[in-house]
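*Asks:* Take a look at the following structure, please.
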Amino acid sequence: MEARTHTSTAMTGRLAGFRRVVVKVGSSLLVDPAAGLRRDWLGALCDDLASLAAAGADVLVVSSGAIALGRKVLDLPRGPLKLEESQAAAAVGQIALSRAWAEALAERGHAAGQILLTLGDTEERRRYLNARATILNLLRLHAVPIVNENDTVATTEIRYGDNDRLAARVATMVSADLLLLLSDVDGLYSAPPADDPDAVFIPQVPRITPEIVAMASGAGSDLSRGGMATKVEAAKIATGAGATMVIASGHEPGPIRRVDGGARSTWFSAVASPLAARKAWIGGTLETRGAITIDEGARRALAAGKSLLPAGVTAVEGRFQRGDTVAIRDSDGHTLGVGLIAYDDTDARRITGRRSAEIEALLGYAGRSEMIHRDDMALGQAGETAGPGEKDTG
Numbered sequence: 119m120e121a122r123t124h125t126s127t128a129m130t131g132r133l134a135g136f137r138r139v140v141v142k143v144g145s146s147l148l149v150d151p152a153a154g155l156r157r158d159w160l161g162a163l164c165d166d167l168a169s170l171a172a173a174g175a176d177v178l179v180v181s182s183g184a185i186a187l188g189r190k191v192l193d194l195p196r197g198p199l200k201l202e203e204s205q206a207a208a209a210v211g212q213i214a215l216s217r218a219w220a221e222a223l224a225e226r227g228h229a230a231g232q233i234l235l236t237l238g239d240t241e242e243r244r245r246y247l248n249a250r251a252t253i254l255n256l257l258r259l260h261a262v263p264i265v266n267e268n269d270t271v272a273t274t275e276i277r278y279g280d281n282d283r284l285a286a287r288v289a290t291m292v293s294a295d296l297l298l299l300l301s302d303v304d305g306l307y308s309a310p311p312a313d314d315p316d317a318v319f320i321p322q323v324p325r326i327t328p329e330i331v332a333m334a335s336g337a338g339s340d341l342s343r344g345g346m347a348t349k350v351e352a353a354k355i356a357t358g359a360g361a362t363m364v365i366a367s368g369h370e371p372g373p374i375r376r377v378d379g380g381a382r383s384t385w386f387s388a389v390a391s392p393l394a395a396r397k398a399w400i401g402g403t404l405e406t407r408g409a410i411t412i413d414e415g416a417r418r419a420l421a422a423g424k425s426l427l428p429a430g431v432t433a434v435e436g437r438f439q440r441g442d443t444v445a446i447r448d449s450d451g452h453t454l455g456v457g458l459i460a461y462d463d464t465d466a467r468r469i470t471g472r473r474s475a476e477i478e479a480l481l482g483y484a485g486r487s488e489m490i491h492r493d494d495m496a497l498g499q500a501g502e503t504a505g506p507g508e509k510d511t512g
């Protein structure tokens, strides 16, 4: 296919200040039940994504549509599908969906990477860390991760069931500062607007109260599996992790640029910065499995906002695995904070006191250069000098 030339102008409106953006696309926007994939709409959306990238933002997409595309290819009947039919449709549709995203993004100078997740990938810590590392590396390489639930293997008991909550978990995983849910509704109303002519539009939600939850339980419903209630549940997850969340209509071409220009949408305010929320989670909710002792040079480096390198470690205590939380202590035995360790205890002992350049020779594989990355540690006030707006580079 001959590549077309597209020019991308950066977002300069309401979205201009965000640095890592997760965009969720609903099935009803991307797939027409009769005609199939809405290619022109997808192309306009990819123009928007390229404009976000031109403004300096990392961009991720959580895309529905695999089952909808697959059922058309397989000529499955309208109406509810059996689990095995849904999985077959997803297997066929995911190929078409991935190809469509890859081609549309390539025309705009961006590579696409496919990420299929299950509930366990965002709930179990080591699988979570592996998925996070893959996504962050795709972003580092300037690719656009296209994320979907792995419907080919997920069952009713171990699935999200909608991509709103999956998108919120992805936003949390990558420390995004914006989650944009594109849907067939333009925001939150006090009542279903189709049924109640007096329904009031809610443009801003500074805090999710029981009243907001009650509104969502009866307000609006889009054509995909997630209604307004799941969107508010997603907002709880995302805003608690430091991301602003927006619900906006995606019906018109170029929906992201429309939001940037002030189109009607509901904005849920973040309760903290992504990095501050992540550090609060690390410092306050995880049990330590071991401890590492560091020298004075490493202590000064951590106080200056640096990562902990193996050369600065003098001792390793306890039994732990990669991704576990360990205490960080100075040479006098004072606990400076905690962090998520990048190595199992056996490998951590082997590289203690050694230069990062020696890791591959010592372990037989090229591990991370940091024992604990600066974004994976929570220190006391003396060490917390890294700014909350600092991008998480994992």
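Numbering-wise, my numbering puts 462 at position 344 of the sequence shown, and it's gapless, one number per residue.
Note that beta-carbon positions come from the ideal geometry of N, C-alpha and C, so glycine has one too.
What you are looking at is a predicted structure, and each value in this text was computed from that prediction instead of being measured.
#1: Can you grab the Cα-Cα spacing for the pair residue 448 / residue 432, in whole Å?
#2: Can you list, in chain order, the residues of its chain whose CB lies under 6 Å from that of residue 356, leaving out five sequence neighbours each side?
#3: Taking 8 Å as the threshold (C-beta atoms), are residue 282 and residue 348 in contact?
#4: If we ignore side chains and look at the alpha-carbon of each, how far apart do residue 105 and residue 305 end up?
#5: Considering just the uninterrupted stretch of the beta strand (DSSP E) at residue 205, what are its terminal residues?
#6: Based on the DSSP output, what are the partners of residue 297 in its beta bridges?
#7: Using only the alpha-carbon positions, how far apart do residue 339 and residue 309 sit?
#8: Do residue 179 and residue 264 count as a contact pair if the criterion is CB distance below 8 Å?
#9: Could you give the residue range of the beta strand (DSSP E) that holds residue 132?
#10: Helix or strand or just coil, what does DSSP make of residue 127?
#11: Using three-state DSSP, classify residue 172 as helix, strand or coil.
#12: For the beta strand (DSSP E) that residue 426 lies in, which residues bound it at each end?
#13: Could you pull the start and end residues of the beta strand (DSSP E) that residue 268 belongs to?
#14: Tell me the DSSP secondary structure of residue 234 in three-state form.
#15: What are the partner residues of residue 435, as DSSP defines its beta bridges?
#16: State whether the stretch 243-261 contacts the stretch 186-199, with contact taken as three or more CB pairs (one from each stretch) at a distance under 8 Å.
#17: Anyone know if the C-beta pair for residue 146 and residue 378 falls short of 8 Å?
#18: How long is the line joining the alpha carbons of residue 326 and residue 387, rounded to whole angstroms?
#19: When you compare only the Cα positions, how much space is there between residue 360 and residue 497?
#20: Please list, in chain order, all residues of the same chain as residue 220 whose beta carbon is under 6 Å from its beta carbon, the five residues on each side excluded.
#21: Do residue 352 and residue 366 have their C-beta atoms within less than 8 Å of each other?
#22: Output the distance between the C-alpha atoms of residue 478 and residue 486, rounded to the nearest integer angstrom.
#23: With 16 as the cutoff for other CB atoms within 10 Å, does residue 476 come out buried or exposed?
#24: Can you tell which of 269, 436 and 439 has the C-alpha that lies nearest to the C-alpha of residue 202?
#25: So, under 8 Å CB-CB, residue 211 and residue 184 are touching, yes? Tell me the CB distance rounded to an integer number of Å.
#26: Which word fits residue 275, buried or exposed, when buried means at least 16 other C-beta atoms lie within 10 angstroms of its C-beta?
#27: In the structure shown, what three-state DSSP assignment does residue 161 receive?
#28: Run through DSSP, which three-state label would residue 246 get?
#29: Pick from 437, 438, 463 and 295: whose alpha carbon is nearest that of residue 389?
#30: On a Cα-Cα basis, can you pick out the residue from 133, 128, 483 and 300 that is closest to residue 141?
#31: Can you name the start and end residues of the beta strand (DSSP E) that residue 477 belongs to?
#32: Report the CB separation of residue 163 from residue 155 in whole angstroms; it is logged as a contact under 8 Å.
#33: Report yes if the C-beta distance between residue 495 and residue 456 is below 8 Å; otherwise report no.
#34: List the residues that DSSP assigns as beta-bridge partners of residue 261.
#35: Which whole-angstrom value describes the C-beta separation of residue 173 and residue 128, a residue pair presumed to lie in contact below a C-beta threshold of 8 Å?
#36: According to DSSP, simplified to helix, strand and coil, what is residue 456?
*Replies:* Judging by the given coordinates:
#1: Here residue 448 refers to the residue found at position 330 when the sequence shown is read from its first residue. Here residue 432 refers to the residue found at position 314 when the sequence shown is read from its first residue. Pairing residue 448 with residue 432, the inter-Cα distance amounts to about 9 Å.
#2: Along the sequence shown, read from residue 1 onward, the residue named residue 356 stands at position 238. A distance below 6 Å between beta-carbons, with the five flanking residues on each side excluded, links residue 356 to the following residues of its chain, in chain order: 286, 289, 297 and 363.
#3: Position 230 of the sequence shown, counted from the first residue, corresponds to residue 348. Position 164 of the sequence shown, counted from the first residue, corresponds to residue 282. Between residue 348 and residue 282, the CB-CB gap stays under 8 Å.
#4: No information on residue 105 is available, as it lies outside the stretch 119 to 512 that the chain covers here.
#5: As a working note, residue 205 is residue 87 in the sequence shown. No beta strand (DSSP E) contains residue 205, which is instead part of the alpha helix (DSSP H) from 201-224.
#6: Along the sequence shown, read from residue 1 onward, the residue named residue 297 stands at position 179. The partner list for residue 297 (beta bridge, DSSP) reads 140 and 363.
#7: Position 221 of the sequence shown, counting from 1, holds the residue named residue 339. Position 191 of the sequence shown, counting from 1, holds the residue named residue 309. Only weak support is given to the placement of residue 339: the predicted model assigns it a pLDDT of 39, under 50, and the value that follows is read from those uncertain coordinates. Going by the C-alpha atoms only, they are around 11 Å apart.
#8: Taking the sequence shown and counting its residues from 1, the one referred to as residue 264 is at position 146. Taking the sequence shown and counting its residues from 1, the one referred to as residue 179 is at position 61. In this structure, residue 179 lies closer than 8 Å to residue 264 by Cβ.
#9: The sequence position of residue 132 within the sequence shown is 14, counting from 1. Looking at the DSSP string, residue 132 is not in any beta strand (DSSP E), and its letter there is neither H nor E.
#10: For the purposes of this step, residue 127 is taken as residue 9 along the sequence shown, with counting starting at 1. Residue 127 falls in the coil class under three-state DSSP.
#11: What you label residue 172 is simply residue 54 of the sequence shown in a count that begins at 1. DSSP places residue 172 in helix when its eight states are reduced to three.
#12: Locating residue 426 in the sequence shown gives position 308, where the first residue counts as 1. Boundaries cannot be given for residue 426, as no beta strand (DSSP E) includes it and DSSP labels it neither H nor E.
#13: Counted from its first residue, the sequence shown places residue 268 at position 150. It is not in any beta strand (DSSP E) - residue 268 carries neither H nor E in the DSSP assignment.
#14: Sequence index remark: in the sequence shown, residue 234 carries index 116 (1-based). Shown here, residue 234 sits in a strand according to DSSP, grouped into three states.
#15: Against the sequence shown, residue 435 aligns to sequence position 317. According to DSSP, residue pairing for residue 435 in a beta bridge involves 409.
#16: They do not touch, by the three-pair rule.
#17: As a first step, residue 146 must be located in the sequence shown, where it is residue number 28. As a first step, residue 378 must be located in the sequence shown, where it is residue number 260. Contact: no.
#18: For the purposes of this step, residue 326 is taken as residue 208 along the sequence shown, with counting starting at 1. For the purposes of this step, residue 387 is taken as residue 269 along the sequence shown, with counting starting at 1. Looking at the backbone, the Cα of residue 326 and that of residue 387 are separated by about 9 Å.
#19: Here residue 360 refers to the residue found at position 242 when the sequence shown is read from its first residue. Here residue 497 refers to the residue found at position 379 when the sequence shown is read from its first residue. Within the model, the alpha-carbon separation for residue 360 versus residue 497 is close to 19 Å.
#20: In the sequence shown, residue 220 corresponds to position 102, counting from 1. 230.
#21: Translated into positions along the sequence shown, residue 352 becomes position 234. Translated into positions along the sequence shown, residue 366 becomes position 248. No, they are not a contact pair.
#22: For the purposes of this step, residue 478 is taken as residue 360 along the sequence shown, with counting starting at 1. For the purposes of this step, residue 486 is taken as residue 368 along the sequence shown, with counting starting at 1. Cα atoms of residue 478 and residue 486: separation of roughly 9 Å, rounded to the nearest angstrom.
#23: Your numbering for residue 476 matches position 358 in the sequence shown. Flag for residue 476 reads exposed.
#24: Numbered from its first residue, the sequence shown carries residue 202 at position 84. Taking only the C-alpha atoms, the option nearest residue 202 is 269.
#25: Mapped onto the sequence shown, residue 211 falls at position 93. Mapped onto the sequence shown, residue 184 falls at position 66. With 8 Å as the limit, residue 211 and residue 184 qualify as a contact, their Cβ atoms being about 4 Å apart.
#26: Here residue 275 refers to the residue found at position 157 of the sequence shown. Note that residue 275 has pLDDT 43, beneath the 50 cutoff, so the model's placement of it is unreliable and the number below is only indicative. With fewer than 16 other Cβ atoms from the protein chains shown falling within 10 Å of its own Cβ, residue 275 counts as exposed.
#27: Here the question's residue 161 lines up with position 43 in the sequence shown. For residue 161, the three-state secondary structure derived from DSSP is helix.
#28: Here residue 246 corresponds to residue number 128 of the sequence shown, with the count starting at 1. Here residue 246 sits in helix by DSSP.
#29: In the sequence shown, residue 389 corresponds to position 271, counting from 1. Minimum Cα distance to residue 389 is reached at 295.
#30: Translated into positions along the sequence shown, residue 141 becomes position 23. Looking at 133, 128, 483 and 300, the one whose alpha-carbon comes closest to that of residue 141 is 300.
#31: To locate residue 477, count along the sequence shown from 1; it is residue 359. It is not in any beta strand (DSSP E) - residue 477 instead sits in the alpha helix (DSSP H) that spans 477-481.
#32: Here the question's residue 163 lines up with position 45 in the sequence shown. Here the question's residue 155 lines up with position 37 in the sequence shown. So it is not a contact: roughly 12 Å between Cβ atoms.
#33: Numbered from 1 along the sequence shown, position 377 holds the residue referred to as residue 495. Numbered from 1 along the sequence shown, position 338 holds the residue referred to as residue 456. For the pair residue 495 and residue 456, the CB atoms are nearer than the 8 Å cut-off.
#34: Position 143 of the sequence shown, counting from 1, holds the residue named residue 261. Residue 261 pairs with 229.
#35: For this step, residue 173 is matched to residue 55 along the sequence shown. For this step, residue 128 is matched to residue 10 along the sequence shown. Indeed, because the Cβ distance is near 4 Å, the residues count as touching under 8 Å.
#36: Numbered from its first residue, the sequence shown carries residue 456 at position 338. DSSP places residue 456 in strand when its eight states are reduced to three.
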